[in-house]
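Residue numbers (our numbering): 13 to 300.
Backbone N, C-alpha and C fix where the C-beta goes; we use that ideal spot for every residue, glycine too.
To start, the structure under review is shown below, and the notes come after it.
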Amino acid sequence: MTRSFVNILLLLPAVLMPVGIQAQALLAEEVSLQRQIEVVEATALRDMLLNEENVIPAAHMYPEWKNTTVHFKAALPDSFRIDLRGFVMPTSNTKITDIFGYRPRRRREHQGLDIKVNRGDTIYAAFDGKVRITAYQRRGYGHYVVVRHGNGIETLYAHLSKKLVSANQNVKAGDPIGLGGNTGRSSGPHLHFETLLLGKAIDPALMFDFKKQNVTGDFYVYRKPGTRYIENGKVKIAGPEAKYHKVRSGDTIGKIAKKYGVSQGIIFKLNKLGPRSIIKPGQRIRYQ
Ligand SMILES: [Zn+2]
13 MTRSFVNILL LLPAVLMPVG IQAQALLAEE VSLQRQIEVV EATALRDMLL
63 NEENVIPAAH MYPEWKNTTV HFKAALPDSF RIDLRGFVMP TSNTKITDIF
113 GYRPRRRREH QGLDIKVNRG DTIYAAFDGK VRITAYQRRG YGHYVVVRHG
163 NGIETLYAHL SKKLVSANQN VKAGDPIGLG GNTGRSSGPH LHFETLLLGK
213 AIDPALMFDF KKQNVTGDFY VYRKPGTRYI ENGKVKIAGP EAKYHKVRSG
263 DTIGKIAKKY GVSQGIIFKL NKLGPRSIIK PGQRIRYQ
């Protein structure tokens, strides 16, 4: 029943209908109309809630949706299967210029992969998702973008010359999200690419093979170090997380090895050092 029909009812000469019936009919129409409006409103609300604009990817896993803070502490599951299907490589460039992990030369953690790009090269969203952060860090990432994806991970794209998306915007895998550049702490145009699970950076090379322009498989299973699991009928233990010692005056590789109960050989290997290498105070030495 439309409003115009109700209006027509209102205009009907009273003589056509006994007053009581007329009033009842009007009342019935009003109730019906009211119900219809309620239904329409409820439908609109449902559509709005279902609308992609309002859906937070992987909302069940994450404590909140914030447009700040790339790395944060959250409880990680013992294992988590990341669906890599539907990926798009963020760049068609294939040259890795720095890997994930500790950089002895710079004495700090490198939380992503560096891929050589040219200034202005288009950088693409790796999966469907929603832009969580767009920001600028003069001494760090430069112009950067963080996208959260439905598969539970977040990807970060840094040192961009230009951002092409804004926070809370939905993106599809392969959508341009920025242009390659050299902003922030960067010596030469490159893409610093991070993959994060619940605020923790994990090695992108475990999932993305830039040389082959492909993912490493349909799925990647993250396992918390030390977690027992069964693979091919055998019980296995997930490998340890890297651990570091900060060198103090008077430290030697021998002393550090003894302190942590590991062999000197392991320390040499983990840090690409030899028996004649010199270590300096402040330097971080990986012992696990
Ligand atoms: Zn980097």
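- In this structure, DSSP gives Thr-103 a state outside helix and strand, which the three-state scheme calls coil.
- By the criterion of a C-beta distance shorter than 8 Å, Val-183 is surrounded in its chain by Ala-137, Asp-140, Gly-141, Lys-142, Val-143, Val-159, Val-177, Ile-189, once the five residues flanking it on both sides are discounted.
- Under the criterion of beta carbons closer than 8 Å, Val-227 and Ser-91 do not qualify as touching, at roughly 19 Å.
- In the three-state reduction of the DSSP assignment, Phe-205 falls in the strand class.
- By DSSP's assignment, Leu-168 forms a beta bridge with Val-158, Glu-206.
- Taking a contact as a CB-CB distance under 8 Å, the pair Gly-132 and Gly-192 counts as one, their CB atoms being some 6 Å apart.
- Contact between the stretch 214-223 and the stretch 105-113 is present: 3 or more CB-CB pairs across the two stretches fall below 8 Å.
- The beta carbons of Arg-93 and Phe-231 sit about 5 Å from each other, so the pair counts as a contact at 8 Å.
- By the C-beta density criterion, Glu-76 is exposed, having fewer than 16 other C-beta atoms within 10 angstroms.
- Take Tyr-74, set aside five residues on each side of it, and the residues of its chain with a beta-carbon closer than 8 Å to its own are Ile-68, Ala-86, Arg-160, Leu-210, in chain order.
- Relative to ligand 1, the nearest heavy atom lies less than 6 Å away from the CB of Asp-126.
- Val-51 and Arg-235 have their C-alpha atoms spaced approximately 47 Å apart.
- Ranked by Cα distance from Leu-88, the options Phe-99, Asp-126, Ile-165, Ile-135 are led by Ile-165.
- For a cut-off of 8 Å, the C-beta gap from Val-259 to Ile-290 is around 10 Å, too long to register as a contact.
- Remark: the shortest separation between the CB of His-72 and any heavy atom of ligand 1 does not fall under 6 Å.
- The three-state reading of DSSP puts Glu-243 in strand, counting E and B together.
- Residue pairing by DSSP places Gln-149 opposite Gly-154 in a beta bridge.
- Shortest Cα-Cα distance from Lys-78 to any of Gln-46, Asn-180, Gly-262, Asp-221 involves Asn-180.
- Membership of Tyr-232 in the beta strand (DSSP E) is indicated by the continuous run 231-235.
- The C-alpha of Lys-267 lies about 30 Å from the C-alpha of Thr-239.
- It is roughly 18 Å from the alpha-carbon of Arg-288 to the alpha-carbon of Lys-270.
- Nearest to Lys-223 by alpha-carbon distance, out of Thr-81, Pro-102, Glu-53, is Pro-102.
- Gly-98 and Ala-185 have their C-alpha atoms roughly 7 Å apart.
- Ala-54 counts as exposed, since fewer than 16 other beta carbons sit within 10 angstroms of its beta carbon.
- The closest heavy atom of ligand 1 lies 6 Å or more from the beta carbon of His-257.
- Ranked by Cα distance from Tyr-148, the first of Pro-237, Tyr-299, Phe-220, Lys-175 is Lys-175.
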